[in-house]
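To keep things clear, I will list the structure first and then write my remarks on it.
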Amino acid sequence: LSAPTRDRNLETLALSASLLAFRRATCLVMSTMHVAVLSVGGEELASLTAEPSWGLSEVLAAMQEQGAVAPGTAARILHGGSSLTAGASLADIGVAAGSQLTLVVLPPSFVLTASADKTAKLWIAASGDCVRTLEGHRRRVHSAVFSPDGQEVLTASQDKTAKLWSVWSGECLHTFKGHAGPVLSATFSPDGQVVLTASSDHTAKLWSVASGASLQTFECHVGPVLSGFFSADGKAVLTSSSDGTAKLSSTVSGERSCECLSTFRHGRRVFSAAFSPDGQKVLTASSDNHAKLWNIVSGVCLLTFTSYCGPVTSAVFSPDGQQVLTSVCDGTAKLWSAASGDLLHSFEGHLAHVFSAAFSPNGREMVTASGDFTAKLWNVATGDCLRTLGGHDSLGGHTDDVLSAVFSPAI
């Protein structure tokens with residue numbers, strides 16, 4: 090080629106490259122948009138250059154880069170009446186250039202544990218960090234639960250008392266005294282106004298949260314009462330006992346009650362009893378190596394979930410009532426179909442007895458409490474252990490058996 094022709098070709102190639110770069114830059118600019126993220130109060134928290142395909146994780150990550158939110162923050166992003174849910178994009182909820190998003194920070198999900206080391210502990214579920222230790226009982230703490238609004242904690246202890254605590258300050262608000270023996274479990278009524286305690290003195294008691302006064306005593310069992318559970322309407326309680334039975338009683342029958350509405354019998358001690366979410370069935374766990382599902386009206390046993398490796402220490406329903414979760418003395422927890430009784434999965438990883446197992450509010454995770462001084466969080470669908478709370482090498486962990494573990498309620 091002649092020199093002039095070669096120069097013209099080079100100029101054409103350079104121009105083409107410049108045009109291509111310009112088009113790419115233009116496309117990049119056109120595919121992004123500027124959006125503002127506001128607090129619930131209307132304060133601007135971040136100004137983002139976002140892509141329409143971004144989901145919740147990308148938006149939060151970009152806000153973290155600007156220091157607008159802390160890593161691990163649980164939050165929702167709202168636009169108009171729509172929420173940026175899992176799997177959705179900004180484009181899906183109608184976000185365009187100049188849109189304003191609202192950040193709603195959610196309270197962290199907690200796990201509450203009770204231990205033979207005389208304490209209860211509050212942990213952040215996402216990180217496994219222990220953020221509070223509740224100290225004040227003189228002997229082992231058998232159980233610890235949240236109030237329905239998640240603002241308070243109730244503990245039951247071998248020292249014959251139950252205690253009410255503030256989640257946020259850790260202050261003991263009230264001590265319930267009146268049992269003649271260790272208090273083995275304590276729980277709130279659905280409205281959070283009444284407490285039910287179960288004791289080795291063969292009784293269960295109702296107490297006023299506001300005044301601390303004893304309201305009613307149930308004397309239905311002939312052995313230590315190991316657990317207590319309210320019905321959804323709060324008008325009945327279900328208790329389990331070392332006498333080999335679980336019993337259904339009315340909460341409106343008077344100050345002292347021996348009246349029993351129904352009895353569900355095992356061959357040996359019954360560690361726990363719970364209502365199904367629809368209130369039509371009862372689930373019991375026993376040292377006879379079985380958990381049983383009962384019709385609450387007829388008292389007929391509908392299904393038996395058998396552990397071939399030891400006593401079943403607890404049994405609970407999933408939030409949707411479709412599954413049953415049991416804890417077993419062989420160091421495992423087991424997931425069952427509530428419809429067929431089939432074993433769906435066995436969760437293995439603890440080094441000692443598993444004393445309790447519980448679902449998260451959404452049913453996607455579960456937590457187990459063990460004699461190996463730890464609690465473990467698990468993915469229900471995969472069976473993977475997500476996190477271990479405490480342990481011999483953990484700062485702030487329990488120094489004795491972990492006897493119960495539960496998630497904070499969904500608020």
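For the sequence shown, my numbering assigns the number 90 to the initial residue and increments by one for each residue that follows.
Yeah, the Cβ is synthetic: ideal placement off N, Cα and C, and Gly gets one too.
- By the Cβ neighbour-count rule, TRP257 is exposed, with fewer than 16 other Cβ atoms within 10 Å of its own.
- For the set ASP218, SER232, HIS355, the Cα lying nearest the Cα of LEU382 is the one of HIS355.
- According to the DSSP secondary-structure assignment, GLY317 is paired through a beta bridge with THR328.
- Contact annotation: the region 205 to 221 does not touch the region 130 to 144, with fewer than three C-beta pairs closer than 8 angstroms.
- In the structure shown, LEU149 adopts helical secondary structure according to DSSP, grouped into three states.
- Rounded to the nearest whole angstrom, the CA to CA distance from LEU195 to GLY267 is 38 angstroms.
- One alpha carbon belongs to SER178, the other to CYS309, and they sit about 57 angstroms apart.
- Beta-bridge annotation (DSSP): GLU133 is paired with LEU127.
- Excluding the 5 residues flanking it on each side, ASP377 has same chain C-beta neighbours closer than 6 angstroms at HIS355, GLY356, ARG357, in chain order.
- No residue range can be given for ALA185, since it is assigned to no beta strand (DSSP E) and is classified by DSSP as neither H nor E.
- Under the three-state reduction of DSSP output, GLU260 falls in the coil class, being neither helix nor strand.
- Using a Cβ-Cβ distance cut-off of 8 angstroms, the region 210 to 230 and the region 179 to 192 are not in contact, since fewer than three pairs of beta carbons, one from each stretch, lie closer than that value.
- Comparing alpha carbon positions, the residue from SER416, GLY388, THR393 closest to VAL401 is SER416.
- Around the beta carbon of VAL272, 16 or more other beta carbons lie within 10 angstroms, which makes this residue buried.
- Considering only LEU414, HIS123, SER403, the residue with the shortest C-alpha distance to LEU424 is LEU414.
- DSSP places GLU437 in the strand class (E or B) of the three-state scheme.
- A straight-line Cα-Cα distance of about 16 angstroms links ALA374 and ALA287.
- Non-local C-beta neighbours of PRO450 in its own chain, meaning closer than 7 angstroms and more than five positions away in sequence, comprise PRO408, PHE496, PRO498, ALA499, ordered along the chain.
- For LEU392, the CB contacts under 6 angstroms within the same chain, skipping 5 residues up- and downstream, are LEU382, GLY430 in chain order.
- When the beta-carbon positions are compared, LEU440 and VAL456 stay at least 9 angstroms from each other.
- Less than 9 angstroms divides the Cβ of THR276 from the Cβ of VAL284.
- The C-beta distance from THR174 to LEU127 rounds to 19 angstroms, too long to fall under 8 angstroms, and the pair is not in contact.
- The beta carbon of GLN369 lies closer than 7 angstroms to those of ILE385 in the same chain, with the five residues before and after it left out.
- In the DSSP assignment, ASN384 falls within the unbroken beta strand (DSSP E) covering 379 to 384.
- Burial check for HIS487: the Cβ neighbour count within 10 Å reaches 16 or more, so the residue is buried.
- Rounded to whole angstroms, GLY187 and MET122 show a C-alpha spacing of 7 angstroms.
- In the three-state scheme derived from DSSP, where H, G and I count as helix and E and B as strand, GLU154 is classed as helix.
- By the neighbour-count criterion, in which a residue is buried when 16 or more other Cβ atoms sit within 10 angstroms of its Cβ, ASP218 is exposed.
- DSSP places HIS442 outside any beta strand (DSSP E), giving it a letter other than H or E.
- Inclusion of ASP490 and SER459 in the CB contact set at 9 angstroms is warranted, their separation being smaller than that value.
- LEU337 is the residue among VAL314, GLY333, LEU337 whose C-alpha sits nearest the C-alpha of LYS324.
- Secondary structure of GLY479 (DSSP, three-state): strand.
- ALA380 sits away from SER445, with the two beta carbons spaced by 9 angstroms or more.
- Between the C-alpha atoms of LEU478 and SER120 there is a straight-line separation of about 44 angstroms.
- Assignment of LYS249 by DSSP, reduced to helix, strand and coil, places it in the coil class.
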